[in-house]
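In terms of my numbering, the sequence shown opens at residue 15 and continues consecutively. Here a beta-carbon is modelled for each residue, glycine too, at the ideal position from N, C-alpha and C. Model, not experiment: these values are computed from the prediction.
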Amino acid sequence: MDGVNEDLMRFLDADEYEDKLRILEEIKDRADDHVVNMMAASLSVSAGGASREECIDRIRHYLTLQIQYDGKRLRN
Numbered sequence: 015m016d017g018v019n020e021d022l023m024r025f026l027d028a029d030e031y032e033d034k035l036r037i038l039e040e041i042k043d044r045a046d047d048h049v050v051n052m053m054a055a056s057l058s059v060s061a062g063g064a065s066r067e068e069c070i071d072r073i074r075h076y077l078t079l080q081i082q083y084d085g086k087r088l089r090n
């Protein structure tokens, strides 16, 4: 597939929040605004006017909360 960002596809294809967070940390320095916005949109995280760094922080925060929530839910 020409024109498809492999990093974005890895993120979108990851099934677990932990995997998505790991991929985010791996690609954060090379991901452009479009990739970061697509990652945010895939999680329904608002990127509205945020800088690339702020958007990455929002994605990281969302994923961390989901990991924490799922971990607590599964222990009960």
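Q: Can you give me the start and stop residues for the alpha helix (DSSP H) that residue 56 sits inside?
A: On the sequence shown, position 42 is the one that residue 56 refers to. Looking at the DSSP string, the run of the alpha helix (DSSP H) that includes residue 56 is 47 to 56.
Q. Which word fits residue 17, buried or exposed, when buried means at least 16 other C-beta atoms lie within 10 angstroms of its C-beta?
A. Here the question's residue 17 lines up with position 3 in the sequence shown. Label assigned to residue 17: exposed.
(Q) Could you tell me the alpha carbon to alpha carbon distance between residue 79 and residue 42, rounded to whole angstroms? (A) Taking the sequence shown and counting its residues from 1, one reaches residue 79 at position 65. Taking the sequence shown and counting its residues from 1, one reaches residue 42 at position 28. Going from the Cα of residue 79 to the Cα of residue 42 covers about 19 Å.
**Q.** CB of residue 59 within 8 Å of CB of residue 73, strictly
**A.** On the sequence shown, residue 59 is found 45 positions in, with the first residue counted as 1. On the sequence shown, residue 73 is found 59 positions in, with the first residue counted as 1. Yes; because the gap between Cβ atoms is below 8 Å, this pair is in contact.
Q) How about the stretch 61 to 70 and the stretch 22 to 29: do they share at least three Cβ pairs that are nearer than 8 Å? A) The answer is no - the stretch 22 to 29 does not touch the stretch 61 to 70, with fewer than three Cβ pairs under 8 Å.
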